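For reference, the structure is listed below as structure tokens.
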Amino acid sequence: MTKVKIILDDITKVKYDAIVNAANASLLGGGGVDGAIHKACGEQLLEECKFLQGCLTGSSKITRSYNLTTQGIFWIIHTVGPIYRHNGHENKYLRNCYRSVLNVAVNYASYYSEQCIRIINDHLYLFNSSRKKESTVDQFNKYISTYPIKTLAFSSISTGAYGFPIKEASKIALEEIFNFIKNTPNKLDEIAMVCFDKKTFDVYESTYNDLVLKLGE
């Protein structure tokens with residue numbers, strides 16, 4: 001059974017196969033956790049993200065982690081959370097973020113492979129020979145097979161500058177995580193919610209305890 005943990009830490013310092021970046025739509029870095037992850041991964045992350053042509057709200061894309069591989073973090077799953085505008089659509093988009101990330105995590109090989117092939121085909125001018133193209137594809141496939149995703153760490157999506165109320169966001173996040181585990185047991189060994197500050201940690205821990213109690217009834 002997949003373990004669920006609530007952790008108070010810096011997400012760039014935890015040892016999980018994949019970590020989740022609460023990104024903006026450009027995927028080119030920003031403030032908060034987005035900026036911290038880009039800084040920790042280095043310039044190569046930005047260069048890869050430039051090829052991705054952004055990401056829609058509620059959707060996700062996956063990249064390598066570059067400098068963070070030395071810490072045991074191999075993948076970054078970028079998802080774009082909703083800005084909280086009181087228009088009634090935020091909950092749906094936030095749920096879609098968690099569902100999308102979890103789907104990408106368990107199908108990372110096909111997602112990343114298709115993503116890379118699409119980038120290569122869109123930028124054939126960068127490859128001056130078919131041999132170079134084949135070599136690049138081989139490198140991608142080797143990385144995919146070397147670093148499977150069995151553990152996943154989320155950051156708290158949309159609760160920073162995007163203004164989503166933490167209590168409401170924590171309930172959505174953990175409901176989606178528990179639903180995923182119920183519907184697809186043992187796909188991942190461990191899922192963590194990594195909280196940067198004590199206030200966020202306390203809210204997520206309280207929500208987690210409430211849900212565990214409810215599920216046990």
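Be aware that the sequence shown starts at 1, since it is given in full-length UniProt numbering, and climbs by one per residue. Every residue, glycine too, gets a C-beta built ideally from N, C-alpha and C. Treat the numbers as computed from the prediction; the structure is a model and nothing was measured.
- Trp-75 and Asp-138 have their alpha carbons spaced roughly 18 angstroms apart.
- Within the DSSP bridge table, the entry for Lys-3 names Glu-190 as partners.
- The beta-carbon separation of Ile-19 and Ile-7, rounded to 11 angstroms, does not stay under the 8 angstroms limit for a contact.
- Scanning the stretch 137-208 from its first residue to its last, the whole alpha helix (DSSP H) runs of 4-plus residues come out as 166-183.
- Taking all protein chains shown into account, Arg-118 has fewer than 16 neighbouring C-beta atoms within 10 Å of its C-beta and is therefore exposed.
- Residues Ile-166, Ala-169 of the same chain have their beta carbon placed closer than 6 angstroms to that of Thr-159, with the five preceding and five following residues left out of the count.
- Taking the C-beta atoms as reference points, Leu-28 is found no nearer than 8 angstroms to Cys-55.
- Distance from the CA atom of Ser-26 to the CA atom of Ile-77, rounded to whole angstroms, is 14 angstroms.
- Per DSSP, the continuous beta strand (DSSP E) segment holding Ser-60 begins and ends at 60-64.
- Here Tyr-204 is buried. Its C-beta has 16 or more other C-beta atoms within 10 Å.
- Residue pairing by DSSP places Leu-56 in no beta bridge whatsoever.
- Within the same chain, Glu-176 come within 7 angstroms of Arg-99 by CB-CB distance, once the 5 residues on both sides are set aside.
- In the three-state reduction of the DSSP assignment, Asn-24 falls in the coil class.
- By the Cβ criterion, the stretch 175-190 is not in contact with the stretch 141-148, since fewer than three pairs of Cβ atoms, one from each stretch, lie closer than 8 angstroms.
- Across the set Val-104, Arg-85, Gly-42, the C-alpha of Val-104 shows the shortest separation from the C-alpha of Ser-59.
- Cα atoms of Leu-68 and Arg-131: separation of roughly 29 angstroms, rounded to the nearest angstrom.
- A distance below 8 angstroms separates the beta carbons of Lys-61 and Leu-52.
- DSSP lists Cys-195 as the bridge partner or partners of Leu-8.
- For Ala-18, DSSP records a beta bridge to Trp-75, Leu-152.
- Straight through space, the alpha carbons of Leu-94 and Gly-163 are spaced by roughly 12 angstroms.
- If you draw a 10 Å sphere on the C-beta of Met-193, you find 16 or more other C-beta atoms in it, and that means buried.
- By the CB criterion at 8 angstroms, Lys-5 and Glu-190 fall inside the cutoff.
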